[in-house]
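Let me begin by presenting the structure, written as C-alpha coordinates, before commenting on it.
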Amino acid sequence: MIYDTVYQYYLNSIEDMNFILVPELSHPNDYYYKVAEKYGKGSMRFIVCENKFLIIIADYTPYIDFEKTSIINENYLEMCQFSTASSSFKLGKTKTRKVNTGIFSYINNSKKIIVYCKKDQPVKFTKIIVTEDYYKHYLSNSFSTEVNEVKKIIKYLAMSPNIPELSFAFQQIESCSAVGKFLFIYLEGKVMEVLGLAAESYNKTLASTQNVKLNKKDINALKRVIKYLKDNYAAYPSISKLAKVANMSETRFQLAFKQQYKTTLYEYFKNLRMNYALQLLNETNYSIKEIALKVGYRNSGHFAGIFKKRYGITPKRYRDTQQRLL
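Residues in the sequence shown are numbered consecutively from 774, following this note's numbering.
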(Lines of atoms letter the chains of each structure in order from A and count residues from 1; the text may use other names and numbers.)
(Lines give C-alpha, C1' and ligand atoms only; values in the text may rest on other atoms or scores of the structure.)
Protein backbone atom coordinates (compact mmCIF):
# COMPACT_ATOMS: atom_id res chain seq x y z
CA MET A 1 0.00 0.00 0.00
CA ILE A 2 1.22 3.52 -0.79
CA TYR A 3 0.99 6.33 1.79
CA ASP A 4 1.54 10.06 1.28
CA THR A 5 2.77 10.63 4.85
CA VAL A 6 4.41 8.62 7.61
CA TYR A 7 1.54 9.73 9.88
CA GLN A 8 -0.97 7.95 7.63
CA TYR A 9 1.24 4.87 7.56
CA TYR A 10 1.40 4.51 11.33
CA LEU A 11 -2.30 5.21 11.87
CA ASN A 12 -3.09 2.44 9.40
CA SER A 13 -0.51 0.12 11.00
CA ILE A 14 -2.06 0.59 14.44
CA GLU A 15 -5.41 -0.50 13.00
CA ASP A 16 -3.87 -3.43 11.09
CA MET A 17 -2.23 -4.70 14.28
CA ASN A 18 -5.58 -4.65 16.13
CA PHE A 19 -4.81 -1.85 18.57
CA ILE A 20 -7.82 -0.13 20.17
CA LEU A 21 -7.83 3.50 21.33
CA VAL A 22 -8.24 3.99 25.09
CA PRO A 23 -9.96 7.42 25.35
CA GLU A 24 -9.57 7.81 29.12
CA LEU A 25 -5.77 7.51 28.81
CA SER A 26 -5.50 9.71 25.72
CA HIS A 27 -5.12 13.49 25.30
CA PRO A 28 -5.19 15.81 22.27
CA ASN A 29 -2.47 14.58 19.85
CA ASP A 30 -1.33 12.06 22.48
CA TYR A 31 -3.09 8.75 21.87
CA TYR A 32 -2.90 5.61 23.98
CA TYR A 33 -3.79 2.24 22.44
CA LYS A 34 -4.08 -1.31 23.78
CA VAL A 35 -4.00 -4.51 21.73
CA ALA A 36 -7.39 -6.23 21.47
CA GLU A 37 -7.27 -9.23 23.84
CA LYS A 38 -7.87 -11.73 21.04
CA TYR A 39 -4.80 -10.55 19.12
CA GLY A 40 -2.20 -9.85 21.79
CA LYS A 41 -1.34 -7.90 24.91
CA GLY A 42 0.37 -4.60 25.62
CA SER A 43 0.17 -0.99 24.53
CA MET A 44 1.34 1.70 22.14
CA ARG A 45 1.48 5.46 22.67
CA PHE A 46 1.29 7.66 19.58
CA ILE A 47 2.29 11.34 20.06
CA VAL A 48 1.82 13.71 17.12
CA CYS A 49 3.41 17.13 16.70
CA GLU A 50 1.99 17.89 13.26
CA ASN A 51 4.45 18.74 10.47
CA LYS A 52 7.35 18.33 12.91
CA PHE A 53 7.71 14.92 14.48
CA LEU A 54 6.03 11.78 15.81
CA ILE A 55 6.92 9.86 18.95
CA ILE A 56 5.87 6.21 19.28
CA ILE A 57 6.37 4.24 22.51
CA ALA A 58 5.43 0.56 22.19
CA ASP A 59 5.49 -2.46 24.48
CA TYR A 60 3.35 -5.36 23.27
CA THR A 61 3.27 -9.05 22.33
CA PRO A 62 1.22 -10.09 19.25
CA TYR A 63 -0.58 -13.45 19.26
CA ILE A 64 -0.49 -13.66 15.46
CA ASP A 65 2.24 -13.09 12.86
CA PHE A 66 2.22 -9.61 11.32
CA GLU A 67 3.57 -8.52 7.93
CA LYS A 68 3.04 -5.16 6.23
CA THR A 69 4.31 -4.02 2.83
CA SER A 70 4.29 -0.27 2.18
CA ILE A 71 5.73 2.65 0.27
CA ILE A 72 5.77 6.01 2.09
CA ASN A 73 6.23 9.00 -0.22
CA GLU A 74 7.17 11.48 2.51
CA ASN A 75 10.86 12.10 3.28
CA TYR A 76 11.68 11.72 6.97
CA LEU A 77 14.27 10.57 9.49
CA GLU A 78 13.36 7.68 11.78
CA MET A 79 15.36 6.88 14.92
CA CYS A 80 14.37 3.96 17.09
CA GLN A 81 15.67 2.41 20.28
CA PHE A 82 14.75 -1.28 20.43
CA SER A 83 14.73 -3.17 23.73
CA THR A 84 13.81 -6.43 21.95
CA ALA A 85 15.18 -8.26 18.91
CA SER A 86 12.02 -9.99 17.68
CA SER A 87 11.22 -7.90 14.57
CA SER A 88 12.73 -7.77 11.09
CA PHE A 89 12.38 -5.62 7.97
CA LYS A 90 13.31 -5.41 4.30
CA LEU A 91 14.10 -2.20 2.39
CA GLY A 92 13.70 -2.19 -1.38
CA LYS A 93 15.66 -5.05 -2.92
CA THR A 94 17.96 -5.57 0.07
CA LYS A 95 17.96 -8.72 2.18
CA THR A 96 15.67 -9.06 5.17
CA ARG A 97 17.39 -7.67 8.26
CA LYS A 98 16.75 -8.65 11.86
CA VAL A 99 16.32 -5.75 14.28
CA ASN A 100 18.86 -5.93 17.10
CA THR A 101 18.56 -4.28 20.49
CA GLY A 102 19.98 -0.78 20.57
CA ILE A 103 19.48 2.27 18.36
CA PHE A 104 18.68 2.10 14.66
CA SER A 105 18.31 5.13 12.36
CA TYR A 106 16.84 5.21 8.89
CA ILE A 107 16.26 7.86 6.20
CA ASN A 108 13.13 7.18 4.16
CA ASN A 109 13.49 7.63 0.40
CA SER A 110 10.21 6.13 -0.83
CA LYS A 111 11.56 2.59 -1.22
CA LYS A 112 9.27 -0.33 -0.54
CA ILE A 113 9.54 -1.47 3.07
CA ILE A 114 8.30 -4.76 4.51
CA VAL A 115 7.96 -5.12 8.29
CA TYR A 116 7.65 -8.47 10.08
CA CYS A 117 6.64 -9.29 13.67
CA LYS A 118 6.46 -12.88 14.91
CA LYS A 119 3.63 -14.10 17.12
CA ASP A 120 4.27 -14.56 20.83
CA GLN A 121 7.50 -12.52 20.59
CA PRO A 122 7.60 -9.31 22.70
CA VAL A 123 8.17 -6.02 20.87
CA LYS A 124 9.41 -2.98 22.78
CA PHE A 125 10.72 0.25 21.28
CA THR A 126 10.70 4.04 21.36
CA LYS A 127 10.68 5.86 17.99
CA ILE A 128 11.40 9.44 17.00
CA ILE A 129 10.24 10.30 13.48
CA VAL A 130 11.25 13.75 12.20
CA THR A 131 9.95 15.30 8.97
CA GLU A 132 12.48 16.47 6.41
CA ASP A 133 11.18 20.06 6.50
CA TYR A 134 11.61 20.22 10.27
CA TYR A 135 15.14 18.83 10.52
CA LYS A 136 16.32 20.92 7.56
CA HIS A 137 14.84 24.09 9.05
CA TYR A 138 16.26 23.42 12.52
CA LEU A 139 19.79 22.54 11.40
CA SER A 140 19.98 25.36 8.85
CA ASN A 141 18.80 28.02 11.30
CA SER A 142 20.54 26.78 14.44
CA PHE A 143 23.92 25.89 12.97
CA SER A 144 24.01 28.05 9.81
CA THR A 145 24.29 24.76 7.94
CA GLU A 146 24.09 24.57 4.15
CA VAL A 147 21.55 22.17 2.62
CA ASN A 148 24.29 19.83 1.41
CA GLU A 149 25.77 19.68 4.91
CA VAL A 150 22.32 18.99 6.40
CA LYS A 151 22.10 15.89 4.21
CA LYS A 152 25.53 14.77 5.39
CA ILE A 153 24.60 15.28 9.06
CA ILE A 154 21.41 13.24 8.71
CA LYS A 155 23.27 10.51 6.82
CA TYR A 156 25.92 10.54 9.56
CA LEU A 157 23.22 10.09 12.21
CA ALA A 158 21.75 7.14 10.30
CA MET A 159 25.20 5.55 9.95
CA SER A 160 26.39 6.33 13.49
CA PRO A 161 23.45 6.03 15.91
CA ASN A 162 25.70 4.95 18.77
CA ILE A 163 26.12 8.44 20.26
CA PRO A 164 25.74 7.73 24.03
CA GLU A 165 23.72 10.88 24.77
CA LEU A 166 21.25 9.69 22.13
CA SER A 167 20.42 6.59 24.16
CA PHE A 168 19.97 8.75 27.25
CA ALA A 169 17.56 11.03 25.36
CA PHE A 170 15.45 8.01 24.34
CA GLN A 171 15.23 6.86 27.96
CA GLN A 172 14.11 10.35 29.03
CA ILE A 173 11.43 10.43 26.33
CA GLU A 174 10.11 7.01 27.34
CA SER A 175 9.90 7.92 31.03
CA CYS A 176 8.48 11.45 30.60
CA SER A 177 5.25 11.84 32.60
CA ALA A 178 4.27 15.33 31.39
CA VAL A 179 0.97 15.87 29.55
CA GLY A 180 -0.56 18.57 27.38
CA LYS A 181 1.52 21.51 26.17
CA PHE A 182 4.30 20.73 28.66
CA LEU A 183 4.76 17.32 27.06
CA PHE A 184 5.17 18.81 23.59
CA ILE A 185 7.59 21.50 24.80
CA TYR A 186 9.67 18.79 26.48
CA LEU A 187 9.62 16.43 23.48
CA GLU A 188 10.51 19.14 20.98
CA GLY A 189 13.45 20.04 23.19
CA LYS A 190 14.58 16.40 23.09
CA VAL A 191 14.24 16.20 19.30
CA MET A 192 16.32 19.39 18.98
CA GLU A 193 18.87 17.91 21.38
CA VAL A 194 19.19 14.77 19.24
CA LEU A 195 19.68 16.78 16.04
CA GLY A 196 22.14 19.08 17.79
CA LEU A 197 24.14 16.10 19.07
CA ALA A 198 24.33 14.73 15.54
CA ALA A 199 25.55 18.06 14.12
CA GLU A 200 28.17 18.49 16.85
CA SER A 201 29.45 14.93 16.56
CA TYR A 202 29.56 15.13 12.75
CA ASN A 203 31.59 18.36 12.79
CA LYS A 204 34.09 16.90 15.28
CA THR A 205 34.81 13.95 13.01
CA LEU A 206 35.44 15.89 9.78
CA ALA A 207 39.01 16.95 10.53
CA SER A 208 40.15 13.61 11.92
CA THR A 209 38.75 11.22 9.32
CA GLN A 210 41.23 9.62 6.92
CA ASN A 211 39.74 8.35 3.67
CA VAL A 212 39.85 4.63 2.97
CA LYS A 213 38.14 3.21 -0.08
CA LEU A 214 35.48 0.80 1.18
CA ASN A 215 33.51 -1.64 -0.93
CA LYS A 216 30.40 -3.64 -0.05
CA LYS A 217 32.51 -6.55 1.17
CA ASP A 218 34.40 -4.24 3.56
CA ILE A 219 31.18 -2.76 4.95
CA ASN A 220 29.69 -6.22 5.52
CA ALA A 221 32.92 -7.22 7.28
CA LEU A 222 32.61 -4.23 9.62
CA LYS A 223 29.00 -5.21 10.35
CA ARG A 224 30.28 -8.62 11.44
CA VAL A 225 32.55 -6.84 13.90
CA ILE A 226 29.63 -4.82 15.29
CA LYS A 227 27.63 -8.03 15.75
CA TYR A 228 30.61 -9.61 17.50
CA LEU A 229 30.84 -6.64 19.88
CA LYS A 230 27.11 -6.76 20.65
CA ASP A 231 27.36 -10.49 21.36
CA ASN A 232 30.34 -9.96 23.67
CA TYR A 233 29.73 -6.87 25.82
CA ALA A 234 31.74 -8.32 28.70
CA ALA A 235 34.72 -9.32 26.57
CA TYR A 236 38.02 -7.51 26.02
CA PRO A 237 38.65 -8.19 22.32
CA SER A 238 41.98 -7.06 20.92
CA ILE A 239 42.42 -5.10 17.70
CA SER A 240 44.12 -8.21 16.33
CA LYS A 241 41.09 -10.38 17.12
CA LEU A 242 38.59 -7.94 15.59
CA ALA A 243 40.75 -7.41 12.51
CA LYS A 244 40.60 -11.18 11.98
CA VAL A 245 36.80 -11.09 12.32
CA ALA A 246 36.81 -8.44 9.56
CA ASN A 247 39.50 -10.29 7.57
CA MET A 248 41.59 -7.11 7.31
CA SER A 249 45.02 -6.00 8.41
CA GLU A 250 45.01 -4.21 11.77
CA THR A 251 45.89 -0.83 10.24
CA ARG A 252 43.29 -1.03 7.48
CA PHE A 253 40.68 -2.30 9.92
CA GLN A 254 41.11 0.66 12.28
CA LEU A 255 41.04 3.20 9.45
CA ALA A 256 38.04 1.52 7.82
CA PHE A 257 36.15 1.37 11.12
CA LYS A 258 36.71 5.04 11.86
CA GLN A 259 35.66 6.08 8.37
CA GLN A 260 32.48 4.02 8.44
CA TYR A 261 31.36 4.78 12.00
CA LYS A 262 33.00 8.21 12.50
CA THR A 263 34.67 7.24 15.76
CA THR A 264 37.38 4.94 17.05
CA LEU A 265 36.69 1.31 17.82
CA TYR A 266 37.38 1.95 21.51
CA GLU A 267 34.86 4.81 21.73
CA TYR A 268 32.25 2.87 19.76
CA PHE A 269 32.51 -0.17 22.03
CA LYS A 270 32.41 2.02 25.15
CA ASN A 271 29.27 3.70 23.83
CA LEU A 272 27.69 0.31 23.10
CA ARG A 273 28.41 -0.78 26.65
CA MET A 274 26.96 2.39 28.18
CA ASN A 275 23.81 2.11 26.07
CA TYR A 276 23.39 -1.51 27.15
CA ALA A 277 23.94 -0.50 30.77
CA LEU A 278 21.05 1.99 30.48
CA GLN A 279 18.83 -0.78 29.17
CA LEU A 280 19.78 -3.15 32.00
CA LEU A 281 19.22 -0.45 34.62
CA ASN A 282 15.75 0.20 33.22
CA GLU A 283 14.57 -3.31 32.49
CA THR A 284 16.22 -5.67 34.99
CA ASN A 285 16.78 -6.06 38.72
CA TYR A 286 20.49 -6.80 38.38
CA SER A 287 22.67 -5.09 40.95
CA ILE A 288 25.05 -2.33 39.84
CA LYS A 289 27.94 -4.76 40.31
CA GLU A 290 26.25 -7.38 38.10
CA ILE A 291 25.52 -4.81 35.40
CA ALA A 292 29.11 -3.60 35.50
CA LEU A 293 30.32 -7.16 34.86
CA LYS A 294 27.81 -7.70 32.05
CA VAL A 295 29.07 -4.61 30.20
CA GLY A 296 32.73 -5.43 30.67
CA TYR A 297 33.78 -3.61 33.86
CA ARG A 298 35.17 -5.79 36.65
CA ASN A 299 35.28 -2.83 39.03
CA SER A 300 31.80 -1.43 39.69
CA GLY A 301 33.28 1.84 40.98
CA HIS A 302 35.13 2.35 37.71
CA PHE A 303 31.92 1.58 35.81
CA ALA A 304 29.96 4.08 37.93
CA GLY A 305 32.59 6.75 37.29
CA ILE A 306 32.45 6.28 33.51
CA PHE A 307 28.64 6.21 33.61
CA LYS A 308 28.50 9.47 35.60
CA LYS A 309 31.01 11.16 33.31
CA ARG A 310 28.89 10.14 30.32
CA TYR A 311 25.42 10.92 31.65
CA GLY A 312 26.00 13.28 34.59
CA ILE A 313 24.39 10.90 37.09
CA THR A 314 25.45 7.71 38.89
CA PRO A 315 23.89 4.36 37.85
CA LYS A 316 22.15 3.98 41.22
CA ARG A 317 20.68 7.47 41.16
CA TYR A 318 19.60 7.02 37.55
CA ARG A 319 17.77 3.78 38.41
CA ASP A 320 16.14 5.35 41.49
CA THR A 321 14.97 8.32 39.40
CA GLN A 322 13.51 6.07 36.69
CA GLN A 323 11.67 3.93 39.25
CA ARG A 324 10.09 7.01 40.85
CA LEU A 325 8.74 8.03 37.44
CA LEU A 326 6.97 4.70 36.91
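Cβ atoms here follow ideal geometry from the backbone N, Cα and C, with glycine treated the same way. Being a predicted model, the structure only gives us computed values, none of them experimental.
| message | With a threshold of 8 Å on Cβ separation, who are the neighbours of residue 959 within its own chain once the five nearest residues in sequence on each side are excluded? | response | Residue numbering aside, residue 959 sits at position 186 when the sequence shown is read from its first letter. Cβ neighbours of residue 959 within its own chain (closer than 8 Å, five residues either side excluded): 949 and 951.
| task | Tell me where the alpha helix (DSSP H) around residue 743 begins and ends. | result | Any property of residue 743 remains undetermined from this structure, which presents the chain solely from 774 to 1099.
| said: So, at 7 Å on beta carbons, what are the nonlocal neighbours of residue 942 in its own chain, with the 5 sequence-adjacent residues on each side left out? | reply: The residue given as residue 942 occupies position 169 in the sequence shown. For residue 942, the CB contacts under 7 Å within the same chain, skipping 5 residues up- and downstream, are 963, 966 and 967 in chain order.
| Per DSSP, which one or two residues make a beta bridge with residue 831? | Locating residue 831 in the sequence shown gives position 58, where the first residue counts as 1. Answer is 817 and 898.
| Leaving out the 5 sequence neighbours to the left and right, which residues in its chain are closer than 7 Å to residue 1053 when beta-carbon positions are compared? | Here residue 1053 refers to the residue found at position 280 when the sequence shown is read from its first residue. Within the same chain, residue 1053 has close Cβ partners 1059, 1064 and 1067.
| Residue from 1045, 997 and 1023 whose Cα sits closest to the Cα of residue 938 | Counting from one through the sequence shown, the residue named residue 938 turns up at place 165. Of 1045, 997 and 1023, the residue nearest in Cα terms is 1045.
| Hey, is residue 802 close to the ligand COA, as in C-beta under 7 Å from one of its heavy atoms? | In the structure on display, the ligand COA does not appear, and there are no ligands present to speak of.
| message | Assess contact between the segment 841-859 and the segment 877-889, defined as three or more Cβ pairs (one per stretch) separated by less than 8 Å. Is contact present? | response | In short, these stretches touch, since the Cβ pair count reaches three.
| Beta-carbon separation of residue 853 and residue 900 under 8 Å? | If you number the sequence shown from 1, residue 853 lands on position 80. If you number the sequence shown from 1, residue 900 lands on position 127. A contact, by the Cβ cut-off of 8 Å.
| task | Classify residue 840 as helix, strand or coil using the three-state DSSP reduction. | result | Counted from its first residue, the sequence shown places residue 840 at position 67. Note: residue 840 maps to strand in three-state DSSP.
| said: Under DSSP, the beta strand (DSSP E) around residue 875 begins and ends at which residues? | reply: Position 102 of the sequence shown, counted from the start, is the residue given in the question as residue 875. First-last of the beta strand (DSSP E) with residue 875: 875-880.
| query | Under 8 Å between the Cβ atoms of residue 1002 and residue 1032? | reply | Mapped onto the sequence shown, residue 1002 falls at position 229. Mapped onto the sequence shown, residue 1032 falls at position 259. No; because the gap between Cβ atoms is not below 8 Å, this pair is not in contact.
| query | Which word fits residue 1008, buried or exposed, when buried means at least 16 other C-beta atoms lie within 10 angstroms of its C-beta? | reply | Residue numbering aside, residue 1008 sits at position 235 when the sequence shown is read from its first letter. In this structure residue 1008 is exposed. Its beta-carbon is surrounded by fewer than 16 other beta-carbon atoms within 10 angstroms.
| query | What whole-angstrom Cβ distance do residue 906 and residue 824 have, given they're in contact under 8 Å? | reply | Mapped onto the sequence shown, residue 906 falls at position 133. Mapped onto the sequence shown, residue 824 falls at position 51. Indeed they touch by this definition, with Cβ atoms about 7 Å apart.
| field | Residues that DSSP places opposite residue 904 in a beta bridge | value | Position 131 of the sequence shown, counted from the start, is the residue given in the question as residue 904. Bridge partners of residue 904: 849.
| task | Take every Cβ of the segment 1011-1025, pair it with every Cβ of the segment 987-997, and state whether three or more of those distances are shorter than 8 Å. | result | Taking a contact to require three or more Cβ pairs closer than 8 Å, the segment 1011-1025 and the segment 987-997 qualify as touching.
| Does the Cβ-Cβ distance between residue 969 and residue 800 come in under 8 Å? | On the sequence shown, residue 969 is found 196 positions in, with the first residue counted as 1. On the sequence shown, residue 800 is found 27 positions in, with the first residue counted as 1. With contacts defined as CB atoms closer than 8 Å, residue 969 and residue 800 fail to qualify as a contacting pair.
| said: Tell me the rounded alpha-carbon separation between residue 870 and residue 936. | reply: Locating residue 870 in the sequence shown gives position 97, where the first residue counts as 1. Locating residue 936 in the sequence shown gives position 163, where the first residue counts as 1. So the two alpha carbons sit approximately 22 Å from each other.
| Which value, in whole angstroms, describes the spacing of the CA atoms of residue 797 and residue 855? | Position 24 of the sequence shown, counting from 1, holds the residue named residue 797. Position 82 of the sequence shown, counting from 1, holds the residue named residue 855. The alpha-carbon atoms of residue 797 and residue 855 are separated by roughly 27 Å.
| field | Of the residues 1071, 930, 1061 and 1050, the one placed nearest residue 1083, counting alpha carbons only | value | To locate residue 1083, count along the sequence shown from 1; it is residue 310. Closest option to residue 1083, Cα to Cα, is 1050.
| request: Let me know the alpha helix (DSSP H) ranges lying completely inside the segment 1005-1078, each 4 residues or longer, listed in chain order. | output: With a minimum length of 4 residues, the continuous alpha helix (DSSP H) runs that stay inside the segment 1005-1078 are 1012-1019, 1023-1034, 1038-1056 and 1061-1067.
| task | Report the rounded CA-to-CA distance for residue 786 versus residue 929, giving the unit in angstroms. | result | To locate residue 786, count along the sequence shown from 1; it is residue 13. To locate residue 929, count along the sequence shown from 1; it is residue 156. Cα to Cα, residue 786 sits roughly 28 Å from residue 929.
| task | Could you tell me which residues DSSP pairs with residue 781 in its beta bridges? | result | In the sequence shown, the residue the question calls residue 781 occupies position 8. None; residue 781 has no bridge partner.
| message | Applying the 10 Å Cβ sphere with the 16-neighbour rule, what's the burial state of residue 774? | response | Counting from one through the sequence shown, the residue named residue 774 turns up at place 1. The residue is exposed, with fewer than 16 neighbouring Cβ atoms inside 10 Å.
| From this set, 831, 893, 827 and 859, which residue's C-alpha is nearest residue 849's C-alpha? | The residue labelled residue 849 in the question sits at position 76 within the sequence shown. Residue 827 is the option with its Cα nearest to residue 849.
| Going by DSSP, which residues form a beta bridge with residue 956? | Translated into positions along the sequence shown, residue 956 becomes position 183. BP columns for residue 956 are empty, so no partner.
| field | Reduced DSSP secondary structure (H/G/I, E/B, other) of residue 786 | value | For the purposes of this step, residue 786 is taken as the residue at position 13 of the sequence shown. Three-state DSSP puts residue 786 in a helix.
| query | Straight-line CA distance for residue 1028 to residue 990? | reply | To locate residue 1028, count along the sequence shown from 1; it is residue 255. To locate residue 990, count along the sequence shown from 1; it is residue 217. Residue 1028 and residue 990: Cα-Cα distance of roughly 15 Å.
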